[in-house]
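Asker: First the structure, then my questions, so here it is.
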Amino acid sequence: MKQLLLTACLLLSLAAISHAQSINIIPAPVKAEMKNGQFTITPKTVIVAAAAESKSVSFLNDYLDKLYGFRLKTAAKADRNYIKLVTPVFVKKPDNEERYTLNVDANGVSIQGDSYQGTFIGIQTLIQLLPPVKSNALKIPFTSIEDYPRFGYRGMMLDVSRHFFTVEFVKQYIDFLALHKMNTFHWHLTDDQGWRIEIKKHPELTTISSCRESTIIGHHPGKGEDHIKHCGIYTQEQVKEVVKYAADRFITVIPEIEMPGHAMAALAAYPELGCTGGPYKVQGTWGVLQDVFCAGNEKTFAFLQDVLDEVIPLFPSKYIHVGGDECPKDRWKVCPKCQKRIKDENLKDEHALQSYFIHRMEKYINSKGKQIIGWDEILEGGLAPNATVMSWRGEKGGIEAAKQHHNVIMTPTGWCYFDYSQSKKEDSLTIGGYLPVEKVYSYDPQPKELSAEDAKYILGGQANLWTEYITSPTKVQYMVFPRMAALSEALWSPKEKKNWKDFEPRMNDQIKRYQFWNVNYNPKGIKQGE
Ligand code: TNX
879 MKQLLLTACL
889 LLSLAAISHA
899 QSINIIPAPV
909 KAEMKNGQFT
919 ITPKTVIVAA
929 AAESKSVSFL
939 NDYLDKLYGF
949 RLKTAAKADR
959 NYIKLVTPVF
969 VKKPDNEERY
979 TLNVDANGVS
989 IQGDSYQGTF
999 IGIQTLIQLL
1009 PPVKSNALKI
1019 PFTSIEDYPR
1029 FGYRGMMLDV
1039 SRHFFTVEFV
1049 KQYIDFLALH
1059 KMNTFHWHLT
1069 DDQGWRIEIK
1079 KHPELTTISS
1089 CRESTIIGHH
1099 PGKGEDHIKH
1109 CGIYTQEQVK
1119 EVVKYAADRF
1129 ITVIPEIEMP
1139 GHAMAALAAY
1149 PELGCTGGPY
1159 KVQGTWGVLQ
1169 DVFCAGNEKT
1179 FAFLQDVLDE
1189 VIPLFPSKYI
1199 HVGGDECPKD
1209 RWKVCPKCQK
1219 RIKDENLKDE
1229 HALQSYFIHR
1239 MEKYINSKGK
1249 QIIGWDEILE
1259 GGLAPNATVM
1269 SWRGEKGGIE
1279 AAKQHHNVIM
1289 TPTGWCYFDY
1299 SQSKKEDSLT
1309 IGGYLPVEKV
1319 YSYDPQPKEL
1329 SAEDAKYILG
1339 GQANLWTEYI
1349 TSPTKVQYMV
1359 FPRMAALSEA
1369 LWSPKEKKNW
1379 KDFEPRMNDQ
1389 IKRYQFWNVN
1399 YNPKGIKQGE
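Laid out in structure tokens, this is it:
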């Protein structure tokens, strides 16, 4: 009898475990337990929440409205049929503000965050419990979840220079981030092919730098040109609108203003800021160009400071990204002003001149109360004192920076470049490379070679979407889905929870959700090796 009881207990607990694993949530929560029974959300369900939870309430109601065709009323109290949102006020700041618990029982759903952001993230989990079919009786399983992220920085970049995307689409992209529990939107606003942010003091950035005459056809170097104008700029009012939209979803927007390289669009309007004086044109081709901002000319620094004076107040983010990547030194080598600067400042060579450039801009940005992020090239010639490094040419730069006790965001091409193909037989034009979803999933931003102490400097990771070959919103969706789901788990879930075999079926459920949202995704992205 005793043995029978023991066996029964064992079987029951095994059933509980296998049930727990069948909760289809991405990223996998720290702890999730599924119980027997279901609660049904209907148009009669009420949301019980303080006024301060308005961001969470609006997001949930907008989602329900858009996908199921109803909204829920809020109430001060309810004993049953509720979705309760609670965010206690802590005397001492909680150590992980994104933490939340979510419980579903016969009376309703309760979500409790360690901050309003935590509660908002709990809403994203609730959304994933909803069935991906239109109905006004949404059955969700009884469950008990406790969850918090492994990394505090979970980002997605969008390049709006190579191809411009409307405010409306940028907002949709931000929604995708929120739904995948990402918390940072890196907005790549300037490059050789177009300047995309209005700067009132320098109006030609709008009239000249935001437009190119033509774009190459096909893969670089291209089969001719299309002779179609490609233009686009965000006014400062639109930028504010996007930043607010993101803040309403607890997403920080980090603007990137590229310097000293990738500057052709700005030089086209202000040729005196280049070493040769021009003429320059907004580029219709891709790659690394030799003409960059002149580092010997004081006017360059005055211009960039003017730009930053207008950019900084638009973004509450503590970081401003200054680029720093792919800056050839050819022009500087033969530019008398740059050579004079090298001599006057006692610099070793042109790499030290790049370092001087970034240090000087960092000082300016720090004086405005902000910190810089730069691509890993900013390590060359010595890191600026407070700089955060975004490691893209593999992890080497990130490892070196962490060892120097600088903060690091990992975004190595081999795992995080979502402009690369998702399948071997890619049927659309991409930049090349091969980055299947399984490889994204395998990514661990904390390299083994770092000591536990140095590993603390790895803030998290990010995927980059460079848009040379991404010309439309549906192509953006095709490139990011389902890889964004894989990255979200790599950045959020505890390392020991990561398991591809467990993720794969959950990803197939996520695909159903993409279909339900009516967004594009790469179907080959889910079948490996094709
Ligand atoms: C390198 S990543 C670049 C971009 C390109 C990208 C294409 C980085 C800092 N610079 O300018 O768009 O490769 O994958």
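First residue of the sequence shown? That's 879 in the working numbering, and the numbers climb one at a time after it. In this text, a Cβ means the ideal position worked out from N, Cα and C, and glycines have one as well.
1. I'd like to know whether the C-beta atoms of Met1288 and Ser1269 end up nearer to each other than 8 Å.
2. Which complete beta strand (DSSP E) runs does the region 1301-1380 hold, if anything under 3 residues is left out?
3. Below 7 Å, is the gap between the Cβ of Asp992 and the nearest heavy atom of the ligand TNX?
4. Would you list, in sequence order, the uninterrupted beta strand (DSSP E) runs of no fewer than 3 residues that lie entirely inside the region 930-968?
5. Beta carbon of Pro1290, beta carbon of Arg1028: below 8 Å?
6. From Ser936, Tyr1112 and Lys1079, pick the residue whose C-alpha is nearest to that of Ala1180; which is it?
7. What is the residue span of the alpha helix (DSSP H) that Gln1002 lies within?
8. Going by DSSP, what residues sit across from Ile989 in a beta bridge?
9. In terms of residues, what are the limits of the alpha helix (DSSP H) holding Val1048?
10. In its own chain, which residues sit with a C-beta less than 6 Å from the C-beta of Lys909, not counting the 5 before and 5 after it?
11. Quick one: measure Cβ to Cβ for Gly1252 and Ile1236, integer angstroms, because I've assumed they're closer than 8 Å.
12. Among the candidates Lys1215, Asn959, Ala1330 and Phe1171, whose CA atom is the shortest distance from the CA of Ile1135?
13. Answer yes or no: the CB of His1098 versus the heavy atoms of the ligand TNX, is any distance below 7 Å?
14. Within the same chain, show all residues whose beta-carbon is closer than 6 Å to that of Gln899, passing over the 5 residues directly before and after it, in chain order.
15. Using the Cα positions of Pro1417 and Ala1262, report the straight-line distance between them to the nearest angstrom.
16. Just how far apart, CA to CA, sit Ile1256 and Ala1265?
17. How about Trp1253: is its Cβ closer than 7 Å to a heavy atom in the ligand TNX?
18. In or out: Phe968 buried (at least 16 other Cβ within 10 Å) or exposed?
19. Which residue comes first and which comes last in the beta strand (DSSP E) that contains Ser1022?
20. What I want to know is whether the C-beta of Trp1344 ends up closer than 7 Å to one or more non-hydrogen atoms of the ligand TNX.
21. Any chance you could list the beta strand (DSSP E) runs of at least 3 consecutive residues sitting entirely within the region 1184-1246, in chain order?
22. Trp1395 to Tyr1356, Cα distance in whole Å?
23. Check the DSSP bridge columns for Tyr1112 and list the partner residues they point to.
24. Please name the residue, chosen from Ile1250, Glu1076, Ala1124 and Lys1017, that lies closest to Lys1049 on a Cα-to-Cα basis.
25. Less than 7 Å separating the Cβ of Tyr1295 from some heavy atom of the ligand TNX?
26. Between Thr952 and Ile925, is the Cβ-Cβ spacing less than 8 Å?
27. What does a CB cutoff of less than 7 Å around Cys1213 pick up in its chain, not counting 5 residues either side in sequence?
28. At a cut-off of 7 Å, is Glu1119 close to the ligand TNX when judged by its beta-carbon and the heavy atoms of the ligand?
Answerer: Reading from the atomic positions:
1. yes
2. 1336-1343
3. no
4. 951-953 and 960-964
5. no
6. Lys1079
7. Tyr994 to Leu1007
8. Leu963 and Leu980
9. Val1045 to Leu1057
10. Glu1024
11. 6 Å
12. Phe1171
13. no
14. Because Gln899 sits at a pLDDT of 42, beneath the cut-off of 50, its placement in the model cannot be relied upon, and the following sentence gives the value as read from the coordinates. Cβ within range, chain order: n/a, list empty.
15. Nothing can be reported for residue 1417, as the shown portion of the chain is limited to 879 through 1408.
16. 9 Å
17. yes
18. exposed
19. Leu1016 to Asp1025
20. yes
21. 1197-1201
22. 13 Å
23. Ile1075
24. Ala1124
25. yes
26. yes
27. Cys1153, Cys1172 and Gly1174
28. no
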